[in-house]
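**Q** Numbering of the sequence shown is given in numbering that gives the first Met the number 0, commencing with residue 0 and proceeding in unit increments. First, the structure itself, so that you have it in front of you.
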Amino acid sequence: MKRKAVVVFVALVVFFALPAMVFAGQGGKKEGITIGYSLWTMEFTFFQNLEKGVRDACEDFGYEYIMIDQNQDPQKMVQDLNSLIGQKVDGIVITPVDPGAIGPAVQAARDAGIPVICADIGKTGPVNALLISNNYEGGALAMEYIHKLMKGKDNTKKVGVGRVQPQWTYARQRGEGFMDKAKELGYDVASEIVVAVPSAEGGYDTMQQIMSAAPDVVGVFFASGREAVGAANAVKAAGKDIVVVGYNGDPEELQAIEDGVLDATVAQQPYFIGYESVRVLKEIIEKGKEYEDAEISVEIELLTPDNYKKWAEEASKRRGIPAY
0 MKRKAVVVFV ALVVFFALPA MVFAGQGGKK EGITIGYSLW TMEFTFFQNL EKGVRDACED
60 FGYEYIMIDQ NQDPQKMVQD LNSLIGQKVD GIVITPVDPG AIGPAVQAAR DAGIPVICAD
120 IGKTGPVNAL LISNNYEGGA LAMEYIHKLM KGKDNTKKVG VGRVQPQWTY ARQRGEGFMD
180 KAKELGYDVA SEIVVAVPSA EGGYDTMQQI MSAAPDVVGV FFASGREAVG AANAVKAAGK
240 DIVVVGYNGD PEELQAIEDG VLDATVAQQP YFIGYESVRV LKEIIEKGKE YEDAEISVEI
300 ELLTPDNYKK WAEEASKRRG IPAY
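See the structure below:
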């Protein structure tokens, strides 16, 4: 039986740095159940939030926990998955740096009787489930906000977009949702550029390219958080009046909204994605529920100067951790 679900809004932002591999073996653990987590990187806040969700769920459910940092290396990612299989863990969560490369390792895990959950990014191979933000809708929300700010103004109807790397299949849907909504609202996507380096500097450089290629754009959407902050700073440095909307809800974005540099961002729920990934494993391991190639969609929320503080405060109360 294929199980599909939509989960609703719970959000949290945290800041923790951990070593490359973490073993959680405190009191109250369930003997014999170990969860392994292979994570893209601990460098970015978004992935720190994911890891915290996975770790907290393992703690709450009484599981032993192993975390391995891929360090943004696809080859290491595959090696790490095979290592977890060799350690005979009871379940695997993976946030893959390259979803297209995990298929054989996922198959090996399933052949060994180990369920596999993808927490964000994408999937290949026979995973039990993928938990992923509603990225297409998030891109559409970004465009709707730009349109809202442009109403009643005598501006061009040109927008730009800084897109993510093509191998990030599901994250690409953010740009697709943005561009489809732009077309629906009568806008021309005058410049569409993939951010070559996923960083604030990469966003800054890409925004400069967009302004050079289409100097009369009225709004831009950058499909990842730090890149959006870099893009907003490029707009500020150029002295232009261009609406910039980001994606993630990272602390850097919230601070940029507070500083009046970034106009808005679409917030994801990485903590919730991580936590619920382990909950799905719990249902498979302990209750025998069947998940096969399920896609579990996690809601997103548009954060603007009007609501970002309330969102951050409510998020922090859920775990007592500062949102930013």
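Glycine included, each C-beta is placed from N, C-alpha and C at the ideal position. As the structure is a prediction and not an experimental result, all values here were calculated from the model.
Where does GLY245 land, buried or exposed, given buried means 16+ other C-beta within 10 angstroms?
**A** Start at 1 with the first residue of the sequence shown, and residue 245 comes out as number 246. Burial call: buried.
**Q** What's the C-alpha gap between GLN164 and ALA128?
**A** In the sequence shown, the residue the question calls residue 164 occupies position 165. In the sequence shown, the residue the question calls residue 128 occupies position 129. Those two C-alpha atoms are separated by around 23 Å.
**Q** From this set, GLU226, ALA222 and SER190, which residue's C-alpha is nearest ALA199's C-alpha?
**A** What you label residue 199 is simply residue 200 of the sequence shown in a count that begins at 1. Out of GLU226, ALA222 and SER190, GLU226 has the C-alpha closest to the C-alpha of ALA199.
**Q** Three or more C-beta pairs under 8 Å: does that hold for the stretch 166-178 against the stretch 120-139?
**A** Segments in contact, yes.
**Q** Give the C-beta separation of ASN70 and THR40 to the nearest angstrom, bearing in mind that I take them to be a contact with Cβ-Cβ under 8 Å.
**A** Counted from its first residue, the sequence shown places residue 70 at position 71. Counted from its first residue, the sequence shown places residue 40 at position 41. Confirmed, Cβ separation roughly 6 Å.
**Q** Under three-state DSSP, which class holds PHE220?
**A** For the purposes of this step, residue 220 is taken as the residue at position 221 of the sequence shown. It is a strand residue.
**Q** Quick check: what's the CA-CA separation for ASN133 versus LYS147?
**A** As a first step, residue 133 is located in the sequence shown; it is residue number 134 there, counting from the start. As a first step, residue 147 is located in the sequence shown; it is residue number 148 there, counting from the start. Computed Cα separation, rounded: 21 Å.
**Q** Relative to the alpha-carbon of SER37, which residue among LEU80, GLY201 and GLU298 has its alpha-carbon at the smallest distance?
**A** The count along the sequence shown starts at 1 and reaches residue 37 at position 38. For the residues LEU80, GLY201 and GLU298, the minimum Cα distance to SER37 belongs to LEU80.
**Q** Can you grab the Cα-Cα spacing for the pair LYS87 / GLY174, in whole Å?
**A** To locate residue 87, count along the sequence shown from 1; it is residue 88. To locate residue 174, count along the sequence shown from 1; it is residue 175. Approximately 39 Å between the Cα atoms of the pair.
**Q** Output yes or no for whether 8 Å exceeds the beta carbon distance between LEU280 and ILE67.
**A** Indexing the sequence shown from 1 puts residue 280 at position 281. Indexing the sequence shown from 1 puts residue 67 at position 68. No, they are not a contact pair.
**Q** Could you tell me whether the stretch 221-241 touches the stretch 204-213, using the rule of 3 or more Cβ pairs below 8 Å?
**A** Result yes; three or more Cβ-Cβ pairs closer than 8 Å.
**Q** By DSSP, does MET20 sit in helix, in strand, or in coil?
**A** Translated into the one-based positions of the sequence shown, residue 20 becomes position 21. Here the model assigns MET20 a pLDDT of 43, short of 50, so the residue's position is not dependable, and the following value carries that caveat. Correct three-state label for MET20: strand.
**Q** Just grab the DSSP bridge partners of VAL162 for me.
**A** One-based indexing of the sequence shown puts residue 162 at position 163. Just to set this straight, residue 162 is Arg in the shown sequence, not Val. In the DSSP output, where bridge partners are listed per residue, ARG162 has VAL193.
**Q** Once DSSP output is grouped into helix, strand and coil, what is the label at TYR246?
**A** In the sequence shown, counting from the first residue as 1, residue 246 sits at position 247. Here TYR246 sits in strand by DSSP.
**Q** Suppose you measure from the CA of GLU58 to the CA of GLN172; what does that come to, to the nearest Å?
**A** For the purposes of this step, residue 58 is identified with residue 59 of the sequence shown, where counting begins at 1. For the purposes of this step, residue 172 is identified with residue 173 of the sequence shown, where counting begins at 1. Taking the straight line from one Cα to the other gives about 33 Å.
**Q** Classify GLY31 as buried or exposed, calling it buried when 16 or more other Cβ atoms lie within 10 Å of its own Cβ.
**A** Translated into the one-based positions of the sequence shown, residue 31 becomes position 32. GLY31 is exposed by the Cβ-count criterion.
**Q** Could you round the C-beta distance between GLY224 and GLU50 to whole angstroms and report it? I think they count as a contact, below 8 Å.
**A** As a working mapping, residue 224 is identified with position 225 in the sequence shown. As a working mapping, residue 50 is identified with position 51 in the sequence shown. Rounded, the Cβ-Cβ distance is 17 Å, inconsistent with contact.
**Q** Quick one, which of TYR62, MET149, PRO98 and GLY61 has its alpha-carbon nearest ASP72's?
**A** Residue 72 sits at position 73 when you count from the first residue of the sequence shown. Per the Cα distances, PRO98.
**Q** Please state if the CB of LEU130 and the CB of GLU275 are separated by a distance shorter than 8 Å.
**A** Within the sequence shown, residue 275 is the residue found at index 276, counting from 1. Within the sequence shown, residue 130 is the residue found at index 131, counting from 1. Yes, the Cβ-Cβ distance between GLU275 and LEU130 is below 8 Å.
**Q** To the nearest angstrom, report how far apart ARG54 and ILE283 are at their CA atoms.
**A** Within the sequence shown, residue 54 is the residue found at index 55, counting from 1. Within the sequence shown, residue 283 is the residue found at index 284, counting from 1. The alpha-carbon atoms of ARG54 and ILE283 are separated by roughly 18 Å.
**Q** Suppose contacts are defined by Cβ-Cβ distances below 8 Å. Is TYR144 in contact with ALA263 by that definition?
**A** Taking the sequence shown and counting its residues from 1, one reaches residue 144 at position 145. Taking the sequence shown and counting its residues from 1, one reaches residue 263 at position 264. Yes, the pair counts as a contact, with Cβ atoms nearer than the cut-off.
**Q** May I ask which residues mark the beginning and end of the beta strand (DSSP E) holding THR264?
**A** Counting from 1 along the sequence shown, the entry for residue 264 is found at position 265. Its beta strand (DSSP E) spans residues 263-266.
**Q** What do you reckon, are the CB atoms on THR155 and VAL243 nearer than 8 Å?
**A** Counted from its first residue, the sequence shown places residue 155 at position 156. Counted from its first residue, the sequence shown places residue 243 at position 244. Contact flag unset, no.
**Q** Counting only the same chain and skipping the five closest in sequence on each side, list residues whose C-beta sits under 7 Å from that of LYS309.
**A** On the sequence shown, residue 309 is found 310 positions in, with the first residue counted as 1. Within the same chain, LYS309 has no close Cβ partners at all.
**Q** Looking at the structure shown, is LEU184 part of a helix, part of a strand, or coil, going by DSSP?
**A** If you number the sequence shown from 1, residue 184 lands on position 185. DSSP places LEU184 in coil when its eight states are reduced to three.
**Q** Kindly list the residues whose CB is nearer than 7 Å to the CB of ALA230, restricted to its own chain and excluding five residues on each side of it in sequence; keep chain order.
**A** Position 231 of the sequence shown, counted from the start, is the residue given in the question as residue 230. Correct list, in chain order: GLY161, GLY202, TYR203, THR205, MET206, VAL219, PHE221 and VAL243.
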